[in-house]
Amino acid sequence: MSRTRSKGWLGALPLLAFFALVFGVPAIALVVGAFTVQGRPSLANLAQSLQGGYLNAMIGSVRLSAVVALLGAVLGTFLAHAVVTSRFTLLREAVLTASGVLANFGGVPLAFFWIATLGNSGVVSGLIGLPSGSLYTFWGLVVVYLYFSIPLMVLVMAPALDGLRPQWREAAANNGATAWHYWRFVALPVLTPAMLGGVVLLFGSSFSAYATANAMVGTVVPLVTLKIASALTGDVLIGYENIALALSLDMVVVAGLVMAVYLPLQRRSSRWLH
Amino acid sequence: MAALTGLEPVAAVAKPPARPRVWRGVVFLLAAAYFLIPLGASFWYTVHTPVEGVSLSAYGELLTAEGFVRSLLLSLGLAVATIVLVLLLSLPAMLAVRLFAPRLRPVMEMLCTLPLVVPPITFVAGIGTSLRVGTDVLAPTPFWRTIIAVQDPGFPVVLVLAYVVLVLPFVYRSLDSGLRTMDVRTLVEAARNLGASWPYVVFRVVVPNLRSALASASFLTLALVLGEYTVASLLGYEPFAVWIVTVSGSAGQLSVAVSILSLLLIWLLLLAVSTVFGREKQK
């Protein structure tokens with residue numbers, strides 16, 4: 001047994017090697033490329049990626065993701081609470097299943113759904129007299145992104161809300177707490193980690209979304225993913241690829257920062273919900 | 001009424017059931033409107049034209065549409081290859097970590113979560129650069145053929161490699177929860193002591209116990225690969241999701257029809273996952 005024991009970890013080797021090659025090499029290429037201008041080490045790409053139109057796109061992406069994450073978190077929590085406290089098992093199951101489907105429904109088809117609904121020749125936009133082009137704006141994107149963000153939040157929050165024991169509410173009420181007191185001092189503190197996790201998840205999924213935005217707004221709304229794509233596909237001058245790499249590095253840093261804020265908060269958490 | 005009588009908390013407990021029900025109804029109505037109207041409107045969009053009236057021709061056109069079958073087959077092929085490769089890589093690794101190298105476990109967990117943090121588009125940027133540089137650097141060596149073959153437009157292996165990384169977090173999570181439900185160490189040691197070879201242990205002892213976890217990992221991978229757009233389009237290939245965008249320019253109705261079908265497909269796949277898992281729970 002000792003011989004197999006010492007060799008057993010070799011089973012993990014293919015995956016590690018694969019990861020080093022397929023994830024590691026592009027990561028190195030990304031970092032090296034971001035710091036290279038015409039074959040020489042330089043900070044020019046990064047500097048340029050944080051100016052003018054590129055900076056606007058980054059700010060636009062962060063703003064969009066933040067708005068979607070906060071709105072989605074609040075609305076999703078309300079919906080999850082309505083679902084969890086509902087007495088109709090069938091309705092509850094239906095909403096949770098639908099959330100599972102819609103949370104996975106992003107990308108190109110989502111954009112086409114909304115274009116068919118509220119786009120320039122959409123079915124509903126004509127009925128309600130929506131001015132043409134209003135879907136292809138910042139707030140149009142928010143409305144569309146909420147379509148997968150709210151269900152995602154419902155999936156995150158439903159188990160957490162299920163974990164709230166009715167006894168806590170009774171205990172609070174017996175001590176003279178109002179509903180507001182109960183939520184402010186008992187339920188929300190217990191739910192905070194799950195909500196934060198949801199916000200981070202929602203932020204990340206909108207921040208990195210490209211397919212929906214590309215199919216929907218093209219370049220009307222400045223977003224960092226759209227900028228990276230146009231710099232990569234080379235419809236601009238040679239040398240812009242490295243700007244794309246610098247922008248990508250900026251994106252990874254933003255995503256990493258969001259995770260770095262979230263992880264310590266999450267670690268202190270879920271003492272009550274298990 | 002403002003005076004505290006001590007009876008009020010009791011009244012407060014008795015009251016809530018009436019109010020939240022109205023509130024809940026409003027929430028459900030708003031949610032239903034927001035989520036169902038686009039569904040209905042999209043369906044109407046596909047079946048109704050001012051000229052022809054109502055017809056299902058958009059769905060009929062699908063099969064004959066240029067590129068539909070080709071792109072769908074390509075996507076399915078990529079999905080199958082991704083499923084096979086990701087399972088071949090992750091299952092032995094996870095078993096090895098569980099049985100022999102528990103200290104590798106945090107490393108593994110981190111590696112398998114990393115792709116979630118990194119936006120796919122930045123991953124593509126890195127892959128594209130590596131391929132370009134790699135083709136130049138490897139040109140004088142025999143590996144050049146490999147890197148060219150990997151990018152074959154008929155079956156882009158590079159997409160399979162990228163997809164394996166992208167689905168790793170989901171596969172890891174479902175296999176991990178599957179492995180949690182069984183005592184791997186005891187099972188494997190018992191089988192080994194009875195003289196079973198390693199392949200026998202893996203395929204006849206471990207895999208059958210993991211059936212539902214493997215199925216859910218495969219379904220999730222299938223759904224992800226079929227809908228994947230970012231990586232494929234930026235590397236210049238045309239699987240299914242990229243084809244829909246191409247066709248949307250000339251045939252709007254068709255692209256919305258495909259979108260509805262893809263929602264149905266996701267729904268079916270998730271249904272399959274939940275029935276597989278549901279059956280497991282009942283055992």
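Going down the list, the sequences are from chains A and X.
The first sequence begins at 1 in the UniProt record's numbering and counts up one residue at a time.
The second sequence begins at 1 in the UniProt record's numbering and counts up one residue at a time.
Heads up, the beta-carbon is just placed ideally off N, CA and C, and yes, glycines get one too.
Item	Value
Same chain only: Cβ atoms within 8 Å of His181/A, ignoring 5 sequence neighbours per side	Ala172
Span of the alpha helix (DSSP H), counted from its first residue to its last, around Arg204/X	Element bounds for Arg204/X: n/a, residue is neither H nor E.
Meets three-Cβ-pair contact criterion under 8 Å: the stretch 55-71 of chain X and the stretch 122-139 of chain X	no
Pick from Val143/A, Arg92/A and Gln167/A that is closest to Leu110/A, judged by C-alpha positions	Val143/A
Local Cβ density within 10 Å of Asp162/A, reported as buried at 16 or more and exposed below that	exposed
C-alpha distance - Gly8/A paired with Leu131/X, whole-angstrom precision	34 Å
Cutoff 9 Å: Tyr34/X Cβ touching any chain A Cβ	yes
Where Gly53/X sits in the DSSP three-state scheme	strand
For Gly60/A, three-class secondary structure by DSSP	helix
Cβ pair Ser233/X, Ala241/X closer than 9 Å	yes
The stretch 67-93 of chain X: positions lying closer than 7 Å to chain A by Cβ	Leu89, Ser90, Pro92 and Ala93
Any chain X beta carbon closer than 9 Å to Tyr147/A	yes
Closest Cα partner of Val157/X within the set Arg173/X, Leu74/X, Arg98/X and Leu187/X	Leu74/X
Arg105/X, DSSP secondary structure in three states	helix
Cβ separation of Leu87/X and Leu214/X, assumed to be a contact under 8 Å, to the nearest whole Å	7 Å
Whole-angstrom C-beta distance between Ala96/X and Leu10/A, which should lie under 8 Å	7 Å
Under the three-state DSSP convention, the category Val221/A falls into	coil
Ser255/X versus Ile266/X - alpha carbon distance	16 Å
Met251/A beta carbon less than 9 Å from that of Thr122/X	yes
Under 8 Å from the C-beta of Thr129/X: neighbouring residues of chain A	Pro26, Ala29, Leu30, Gly33, Glu241 and Leu245
Beta-carbon neighbours of Phe123/X, restricted to chain A and to distances below 7 Å	Pro26
Pairwise C-alpha distance: Val206/X and Pro199/X	10 Å
Cross-chain neighbours of Tyr45/X in chain A, by beta carbon under 8 Å	Ala116, Thr117, Gly122 and Val123
Interface positions of the stretch 100-113 of chain A facing chain X (Cβ-Cβ less than 8 Å), listed along the chain	Gly100, Val101, Leu102, Asn104, Phe105, Gly106, Gly107, Val108, Pro109, Leu110, Phe112 and Phe113
Neighbour-count burial assignment, Gln282/X, 16 or more Cβ in a 10 Å radius	Confidence at Gln282/X is low in this model, with a pLDDT of 49, below 50, so its placement is unreliable and no value can be given for it.
Best match in Arg105/X, Gly77/X, Leu76/X and Leu78/X for proximity to Ser90/X [C-alpha to C-alpha]	Arg105/X
Boundaries of the alpha helix (DSSP H) in which Asn193/X is found, first to last residue	Val184 to Asn193
Pairwise C-alpha distance: Ala103/A and Lys227/A	26 Å
Distance between beta carbons of Tyr136/A and Met216/A, contact taken as under 8 Å	7 Å
Buried/exposed call for Thr117/A, threshold 16 Cβ in 10 Å	buried
Residue from Trp114/A, Ala12/A, Phe78/A and Asn56/A with nearest C-alpha to Ser259/X	Trp114/A
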